[in-house]
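Novice: Have a look at the structure that comes next, please.
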Amino acid sequence: MRPSTRASVFAELAAVADAPPPARWRRLYRREVLRRMSVRLGVALIGAVVAMALFGPAIAPHDPFAVSGGSLVAPSAAHPMGTDALGRDVLSGLLYGARTSVVIAGGVALIAFACGTTIGMLAGYRGGWVDDALMRTTELFQVIPRFFFVVVTIALFGPGLGRMVLVIGLTSWPTLARVVRGEVIAMRDLDFIRAAEAAGATATRIARRQLLPNVLPSVVVVLGLLIGQVLLLEATLGFLGLGDPGAISWGTMAAQAQGFLRVAWWLALFPGLAITLTVIGVNLLADAFSSARTVDSRGR
Amino acid sequence: MIVIVAIGFLLIHLAPGDPVLALAGEHGDAAYYAFMRSRFGLDESIPRQLAIYLGRVTTGDLGFSYVYGRATLGVIAERIPATLLLTGSALVLSILVAIPLGAAGAARPHGTRDLGINALALGLYSTPAFWIGQLAVLGLSLRLGIFPVQGMTSAGSSATGWLRAWDVARHLALPAMVLAAQELAVLVRVTRSTLLEELSREHVRAARAKGLSRRQALLRHALPRALLPVVTIVGARVGHIVAGAAIVEIIFGWPGMGRLLLASLQSRDTPILLGLFLVVSLTVVLANLLSDLLHAAIDPRIRLR
Numbered sequence: 001m002r003p004s005t006r007a008s009v010f011a012e013l014a015a016v017a018d019a020p021p022p023a024r025w026r027r028l029y030r031r032e033v034l035r036r037m038s039v040r041l042g043v044a045l046i047g048a049v050v051a052m053a054l055f056g057p058a059i060a061p062h063d064p065f066a067v068s069g070g071s072l073v074a075p076s077a078a079h080p081m082g083t084d085a086l087g088r089d090v091l092s093g094l095l096y097g098a099r100t101s102v103v104i105a106g107g108v109a110l111i112a113f114a115c116g117t118t119i120g121m122l123a124g125y126r127g128g129w130v131d132d133a134l135m136r137t138t139e140l141f142q143v144i145p146r147f148f149f150v151v152v153t154i155a156l157f158g159p160g161l162g163r164m165v166l167v168i169g170l171t172s173w174p175t176l177a178r179v180v181r182g183e184v185i186a187m188r189d190l191d192f193i194r195a196a197e198a199a200g201a202t203a204t205r206i207a208r209r210q211l212l213p214n215v216l217p218s219v220v221v222v223l224g225l226l227i228g229q230v231l232l233l234e235a236t237l238g239f240l241g242l243g244d245p246g247a248i249s250w251g252t253m254a255a256q257a258q259g260f261l262r263v264a265w266w267l268a269l270f271p272g273l274a275i276t277l278t279v280i281g282v283n284l285l286a287d288a289f290s291s292a293r294t295v296d297s298r299g300r
Numbered sequence: 301m302i303v304i305v306a307i308g309f310l311l312i313h314l315a316p317g318d319p320v321l322a323l324a325g326e327h328g329d330a331a332y333y334a335f336m337r338s339r340f341g342l343d344e345s346i347p348r349q350l351a352i353y354l355g356r357v358t359t360g361d362l363g364f365s366y367v368y369g370r371a372t373l374g375v376i377a378e379r380i381p382a383t384l385l386l387t388g389s390a391l392v393l394s395i396l397v398a399i400p401l402g403a404a405g406a407a408r409p410h411g412t413r414d415l416g417i418n419a420l421a422l423g424l425y426s427t428p429a430f431w432i433g434q435l436a437v438l439g440l441s442l443r444l445g446i447f448p449v450q451g452m453t454s455a456g457s458s459a460t461g462w463l464r465a466w467d468v469a470r471h472l473a474l475p476a477m478v479l480a481a482q483e484l485a486v487l488v489r490v491t492r493s494t495l496l497e498e499l500s501r502e503h504v505r506a507a508r509a510k511g512l513s514r515r516q517a518l519l520r521h522a523l524p525r526a527l528l529p530v531v532t533i534v535g536a537r538v539g540h541i542v543a544g545a546a547i548v549e550i551i552f553g554w555p556g557m558g559r560l561l562l563a564s565l566q567s568r569d570t571p572i573l574l575g576l577f578l579v580v581s582l583t584v585v586l587a588n589l590l591s592d593l594l595h596a597a598i599d600p601r602i603r604l605r
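Heads up: the sequence lines are chains A and B, in that order. When the letters of the first sequence are read in order and numbered with our numbering, they come out as residues 1 to 300. When the letters of the second sequence are read in order and numbered with our numbering, they come out as residues 301 to 605.
Structural data, given as structure tokens:
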């Protein structure tokens, strides 16, 4: 009297194996919920900053360069974030400043993307002396202390938005190049690359059609983390008085607060908060993206 | 290293602006300009200046500060102890706090404690150092008056011995904590993720199988191995730490290299700027080397060739 077939035993075993202990199951569930929440939060924060950059000047209550109230007025209905020492509206400054942050982050990401993927793919795919030469150069750039290099360069050449993007961009690609190179080396002997080569595809075509789409997910993660750092660096440069004098930057606003810490807390609070929330948003998205990827690749 | 020196040198010569003009004023007479130029060797051709400069750097001569009128190396060297004290204490502080926090998070991944620690690390990692500094000054120094706001010693203090040490320590506390905050964030994340990786390995399972508790297995078998990457990360982040120290020094009026950087920026004192850049670059290179050596010393699997 043994009704259980082999298949049904397997089904029973599978059911037992699939049911994780409740505590662990709860944790996994919570992790999933949190991941979705953090993605939503990240998208909301970044969306807000981009919206500020696009429409800030249209919705700003005052002209951020013009005197619109008394000097150092505490937050009120007319000035939700108060005014600075010259009587300029802080909220309007923040709205205008978003544009600076977005332009710099975007510009640096573009330069880093162009240099990093090109150098990484070239080094990884060609190998040999090309790889050696490119990697030695990359290491050289990696050793240069970026902060001091950028500070000294901007100080010598004078501040400017374009210059800042260029200098930060040209010192930001090494990590990306190394990641891309590693991925390309891992896949250059795989069948689909061999097939493309056999079909007579040129190296450029392989790089564009085969390699690039496959490295893109890692590139997005590295760029995300990079953008977070760049926003902090830009704010710090502004704080040191090295920001573009023609553009409002959150870092510059925070620097102006330094002299009035005793009397005007709002000057220090809001620009710093804006920077922090933006960077948190970027990092949340980069983290979520990278954890989603590792889970995918493990097949879970 | 030589290439870095050359890059720094060329950078300064590509830049617009003339140190002689800045020093002697816009309206001096031509003879005085010429005298200043030959005194600082600025009348030679650029490749020749570069060659002379490279030769001097190798003997430790970083040139003459235009502003201080003294050897650059000396001006920088007297700022190093203060910066070293600040970065050193911040580093020790962040390591001492980060490793227990990372371990506590990894002990129960995705538990409530882990989530809190993660959120804290993400927040600190995303905050500009100057903002933490400003908030700390606002809250702890100005509101509550717990810590002094500025400087390394109290104004007019002539205390010596232990009293002086106590005075310095009181001034050091806040800047060191602010500087430690960001390193803390990075170290917590690294400790946690490497520890999680170690915990899923065979040797930890073996330790559990022989009857150790989760806690013992974590502390005795997983943690020591997870500390290896931490050593590497600390070495690789020396550049960031010094950069962070510069900001913190400016906020808290700490008399180290960061203050010197700001002052030299404002007075266009290029030999000092270049010297600072070189000193920091050299430190970064040495720190990388040191952490590699340390890694090899701790990890028996690595043999130096």
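Here a beta-carbon is modelled for each residue, glycine too, at the ideal position from N, C-alpha and C.
What's the C-alpha gap between Pro316(B) and Gly160(A)?
Specialist: Taking the second sequence and counting its residues from 1, one reaches residue 316(B) at position 16. Taking the first sequence and counting its residues from 1, one reaches residue 160(A) at position 160. Any reading at Pro316(B) must be qualified, since the residue scores a pLDDT of 45, below 50, and its modelled position is unreliable; the value itself is stated next. Roughly 14 Å between the two C-alpha positions.
Novice: Since Ala522(B) and Glu498(B) are thought to touch, with beta carbons under 8 Å apart, how far apart are those beta carbons, to the nearest angstrom?
Specialist: Working through the second sequence from its first residue, we reach residue 522(B) at position 222. Working through the second sequence from its first residue, we reach residue 498(B) at position 198. Indeed, because the Cβ distance is near 4 Å, the residues count as touching under 8 Å.
Novice: Taking His595(B) as the reference, which of Leu484(B), Val488(B), Ala382(B), Pro524(B) has the closest Cα?
Specialist: Translated into positions along the second sequence, residue 595(B) becomes position 295. With distances taken between Cα atoms, His595(B) lies closest to Pro524(B).
Novice: If you drop the 5 nearest sequence neighbours on each side, which residues of the same chain put their C-beta closer than 6 Å to that of Arg181(A)?
Specialist: Residue 181(A) sits at position 181 when you count from the first residue of the first sequence. The answer, listed in chain order, is Gly120, Ala123, Gly124.
Novice: Just to confirm my understanding: we take Gly116(A), look at its own chain, exclude 5 residues before and 5 after, and list those with CB closer than 7 Å. What are they?
Specialist: On the first sequence, position 116 is the one that residue 116(A) refers to. So the list reads Trp173, Leu176, Ala177, Val180, once near-sequence residues are dropped.
Novice: CA-CA distance, Arg194(A) and Ile206(A)?
Specialist: By one-based count along the first sequence, residue 194(A) stands at place 194. By one-based count along the first sequence, residue 206(A) stands at place 206. Approximately 10 Å, taken between the alpha carbons.
Novice: Short check: CB of Leu391(B) to CB of Ile533(B), under 8 Å?
Specialist: Mapped onto the second sequence, residue 391(B) falls at position 91. Mapped onto the second sequence, residue 533(B) falls at position 233. It is not a contact, given that the beta carbons lie outside the stated cut-off.
Novice: List the endpoints of the continuous alpha helix (DSSP H) containing Leu122(A).
Specialist: Here residue 122(A) is taken as the residue at index 122 of the first sequence, counted from 1. Where Leu122(A) is concerned, the enclosing alpha helix (DSSP H) stretches over 90-126.
Novice: Since Leu573(B) and Ala268(A) are thought to touch, with beta carbons under 8 Å apart, how far apart are those beta carbons, to the nearest angstrom?
Specialist: Along the second sequence, one-based indexing puts residue 573(B) at 273. Along the first sequence, one-based indexing puts residue 268(A) at 268. Not a contact, Cβ separation roughly 28 Å.
Novice: Kindly list, in the order they appear in chain A, the residues whose Cβ is closer than 8 Å to that of Phe552(B).
Specialist: The residue labelled residue 552(B) in the question sits at position 252 within the second sequence. Simply none; closest approach about 11 Å.
Novice: Leu393(B): which of Gln434(B), Leu561(B), Leu484(B), Phe552(B) sits nearest, CA to CA?
Specialist: As a first step, residue 393(B) is located in the second sequence; it is residue number 93 there, counting from the start. With distances taken between Cα atoms, Leu393(B) lies closest to Leu484(B).
Novice: Are the Cβ atoms of Gly402(B) and Leu487(B) separated by less than 8 Å?
Specialist: Residue 402(B) sits at position 102 when you count from the first residue of the second sequence. Residue 487(B) sits at position 187 when you count from the first residue of the second sequence. Yes, they are a contact pair.
Novice: Does the separation of the CB atoms of Val580(B) and Phe157(A) fall below 8 Å?
Specialist: Sequence index remark: in the second sequence, residue 580(B) carries index 280 (1-based). Sequence index remark: in the first sequence, residue 157(A) carries index 157 (1-based). Using a Cβ distance threshold of 8 Å, Val580(B) and Phe157(A) do not count as a contacting pair.
Novice: Can you tell me the Cβ-Cβ gap for Ile227(A) and Trp250(A), rounded? I've got them flagged as a contact below 8 Å.
Specialist: As a working note, residue 227(A) is residue 227 in the first sequence. As a working note, residue 250(A) is residue 250 in the first sequence. Not a contact, Cβ separation roughly 15 Å.
Novice: Could you check the C-alpha separation between Ala288(A) and Pro217(A) for me, to the nearest Å?
Specialist: Here residue 288(A) refers to the residue found at position 288 when the first sequence is read from its first residue. Here residue 217(A) refers to the residue found at position 217 when the first sequence is read from its first residue. Computed Cα separation, rounded: 12 Å.
Novice: Buried or exposed: which applies to Ile111(A), given that a residue is buried once 16 or more other Cβ atoms fall within 10 Å of its Cβ?
Specialist: Looking up residue 111(A) in the first sequence gives position 111. Buried, because 16 or more other Cβ atoms sit within 10 Å of the Cβ of Ile111(A).
Novice: I'd like to know if the segment 138-145 of chain A and the segment 197-211 of chain A are in contact, where contact means that at least 3 CB-CB pairs between them fall below 8 Å.
Specialist: No: fewer than three Cβ pairs fall under 8 Å.
Novice: With a CB to CB cut of under 7 Å and the five nearest residues on each side skipped, what residues in its chain are close to Val220(A)?
Specialist: One-based indexing of the first sequence puts residue 220(A) at position 220. These residues qualify, in order along the chain: Phe289.
Novice: Starting from the C-beta of His327(B), find all residues in its chain whose C-beta is less than 6 Å away, skip the five residues before and the five after it, and write them out in chain order.
Specialist: On the second sequence, position 27 is the one that residue 327(B) refers to. Note that His327(B) scores 48 on pLDDT, short of 50, meaning its location in the model is unreliable and no value can be drawn from it.
Novice: Please give the ranges of any alpha helix (DSSP H) in the segment 197-276 of chain A, keeping only runs that are unbroken, at least 4 residues long and fully inside the region.
Specialist: 212-239, 250-257
Novice: Answer yes or no: does any C-beta atom of chain B fall closer than 8 Å to that of Gly116(A)?
Specialist: Position 116 of the first sequence, counting from 1, holds the residue named residue 116(A). Answer no: the Cβ-Cβ gap between Gly116(A) and chain B never drops below 8 Å.
Novice: Mind the definition here: the segment 418-430 of chain B touches the segment 508-517 of chain B only if three or more C-beta pairs lie below 8 Å; say whether that holds.
Specialist: no
Novice: If you drop the 5 nearest sequence neighbours on each side, which residues of the same chain put their C-beta closer than 6 Å to that of Ser297(A)?
Specialist: Counting from 1 along the first sequence, the entry for residue 297(A) is found at position 297. In this predicted model, Ser297(A) has a pLDDT of only 45, less than 50, meaning its place in the structure is not dependable; the value taken from the coordinates is given anyway. Result list for Ser297(A): empty, nothing under 6 Å.
Novice: Measuring straight from C-alpha to C-alpha, what distance separates Trp266(A) and Asn214(A)?
Specialist: Residue numbering aside, residue 266(A) sits at position 266 when the first sequence is read from its first letter. Residue numbering aside, residue 214(A) sits at position 214 when the first sequence is read from its first letter. Going by C-alpha positions, Trp266(A) is about 47 Å away from Asn214(A).
Novice: Would the C-beta of Ile417(B) count as close to the ligand MN, meaning under 7 Å from any of its heavy atoms?
Specialist: No copy of the ligand MN occurs in the structure displayed, which carries no ligand at all.
Novice: So Val167(A) is in the alpha helix (DSSP H); what residue range does that whole segment cover?
Specialist: Indexing the first sequence from 1 puts residue 167(A) at position 167. According to the DSSP assignment, Val167(A) belongs to the alpha helix (DSSP H) that extends over 161-170.
Novice: Cα-Cα, which of Val150(A), Asp131(A), Ser92(A), Thr171(A) is closest to Phe141(A)?
Specialist: Within the first sequence, numbered from 1, the residue matching residue 141(A) stands at position 141. When each option's Cα is compared against that of Phe141(A), the closest is Thr171(A).
Novice: Using a Cβ-Cβ distance under 8 Å, would Phe148(A) count as near chain B?
Specialist: Mapped onto the first sequence, residue 148(A) falls at position 148. Chain B, which has a Cβ nearer than 8 Å to the Cβ of Phe148(A), makes this yes.
Novice: Secondary structure at Thr387(B), three-state DSSP: helix, strand or coil?
Specialist: Walking along the second sequence from the start, residue 387(B) turns up at place 87. In this structure, Thr387(B) counts as helix in the three-state DSSP scheme.
Novice: Starting from the C-beta of Leu225(A), find all residues in its chain whose C-beta is less than 6 Å away, skip the five residues before and the five after it, and write them out in chain order.
Specialist: In the first sequence, counting from the first residue as 1, residue 225(A) sits at position 225. Same-chain partners within the cutoff: Ala286.
Novice: Looking at the structure shown, is Thr532(B) part of a helix, part of a strand, or coil, going by DSSP?
Specialist: Counting from 1 along the second sequence, the entry for residue 532(B) is found at position 232. Reduced to three states, the DSSP call for Thr532(B) is helix.
Novice: With DSSP collapsed to three states, give me the class of Thr427(B).
Specialist: As a position in the second sequence, residue 427(B) is number 127, starting the count at 1. In the structure shown, Thr427(B) sits in coil (DSSP, three-state: anything other than H, G, I, E or B).
Novice: Along the segment 142-167 of chain A, what residues have a CB closer than 8 Å to any CB found in chain B?
Specialist: Val143, Ile144, Pro145, Arg146, Phe147, Phe148, Phe149, Val151, Val152, Thr153, Ala155, Leu156, Phe157, Gly158
Novice: Spell out whether any CB of chain A is found under 8 Å from the CB atom of Thr491(B).
Specialist: Position 191 of the second sequence, counted from the first residue, corresponds to residue 491(B). Cβ-Cβ to chain A under 8 Å: no for Thr491(B).
Novice: Does any C-beta atom of chain B lie closer than 8 Å to the C-beta of Leu223(A)?
Specialist: Taking the first sequence and counting its residues from 1, one reaches residue 223(A) at position 223. No, Leu223(A) does not count as interfacial toward chain B.
Novice: Go to Pro174(A), then tell me how far its alpha helix (DSSP H) extends in each direction, as first and last residue.
Specialist: The residue given as residue 174(A) occupies position 174 in the first sequence. That run of the alpha helix (DSSP H) goes 174-187.
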